[in-house]
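Asks:
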Amino acid sequence: MGEVLNGASRIYSKLISLFTKLVLLSVMIIVCIGCCSKKQTNYSVNNLAKYLQNISSDIPINSINFVYMASYMKFSPITECDHEECKLEDIKLNLAAASGYIVKKDTVNKELYIVTAAHWCVDPDYPDDYNIILGVTPPEQPEILYNAYFLGENYNFDIIAYDELSDICIGKIKSEEAYRAENIEIAKDYPKIGEKVYSQSAPLGIYDKKTRYIFDGRFAGCNDQYCEFTLSATYGSSGSAIINESGEIVSLISASVIDFPFIAVGPKLEEINYFLKKYL
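The sequence shown maps to residues 917 to 1196 in this note's numbering.
1. Any contact between the segment 1132-1146 and the segment 1095-1114? By contact I mean 3 or more CB pairs, one from each, below 8 Å.
2. Take the Cβ of L1081 as the centre, count every other Cβ of all protein chains shown within 10 Å, and call the residue buried at 16 or more, exposed below.
3. In whole angstroms, give me the CA-to-CA distance for K990 and P1040.
4. List the endpoints of the continuous alpha helix (DSSP H) containing I903.
5. Between I1174, E1161, S1170, V1173, which lies nearest to S973 when the distance is taken from Cα to Cα?
6. Any contact between the segment 1079-1097 and the segment 1183-1191? By contact I mean 3 or more CB pairs, one from each, below 8 Å.
7. Assuming N1070 is part of the beta strand (DSSP E), what are its boundary residues?
8. Mind checking whether A1097 and N981 have CB atoms under 8 Å apart?
9. How far does the beta strand (DSSP E) with D1022 in it reach, from first residue to last?
10. CB A1195 to CB I1018, shorter than 8 Å?
11. Would you call Q1116 buried or exposed, if buried means 16 or more other Cβ atoms sit within 10 Å of its Cβ?
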């Protein structure tokens, strides 16, 4: 793998760079957002939740707990108004997409806690990263908006904490539909090598509220830095929870090999447990 990654001294950090937050400016993002009245929206969510729960009994993934993550760059308009009636709207451009998974619900405060990849939660550096994204330096540093799509609705994602070394991020959203999600356990032990694992993601930022892209693969083992899985993954798969046969989280997708996107890597169980116990 070291040769594939051009001999990077630290394979993990190099792999992380393959899933940098800057990759999805030109990606296709398909988002379905409800825009009806409250009564119609609630009816739609009820039907959607029922539809998503109709999942194969041999798949240990909770389809409702999947969250599509999308970040945007918000620029103030450059042109100034020369009369009172002139109204200028902010410019919003796609930045990056990722996948998330709800691990805890707080029905009292109507909050959902979501894990995803830390590299999605980090703001780009100004101006260097924007030269890569836009091909030009913007006149001012844009505001970065972080959003989470839960059951088709768009919510502001409040980042609580992230760790770039282990590539884990935790944040929360407030939703009237929080009660529909489930609390998810973190596995106490690793799977055996060759045991089946699952992921649920938005590859290439492709997302629709009525579909769930579920992938299965095998646990390949862990080295001193990260764990490996034979799972399909690409841009947008970052942050996808890797689930064992018992429905427990064993890792998160951090990266994959560009030339062979069927080997995914992610943080070790010890890192996930330490991080979540600290911030949840």
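Even for Gly, the Cβ is constructed at its ideal location relative to N, Cα and C.
Replies: Based on what the coordinates show:
1. yes
2. exposed
3. 13 Å
4. As shown, the chain starts at 917 and ends at 1196. That puts residue 903 outside it, with no answer to give.
5. E1161
6. yes
7. 1069-1072
8. yes
9. 1007-1022
10. Looking at the sequence itself, residue 1195 is Tyr, so the reference to Ala does not match. Going by C-beta atoms, Y1195 is not nearer than 8 Å to I1018.
11. buried
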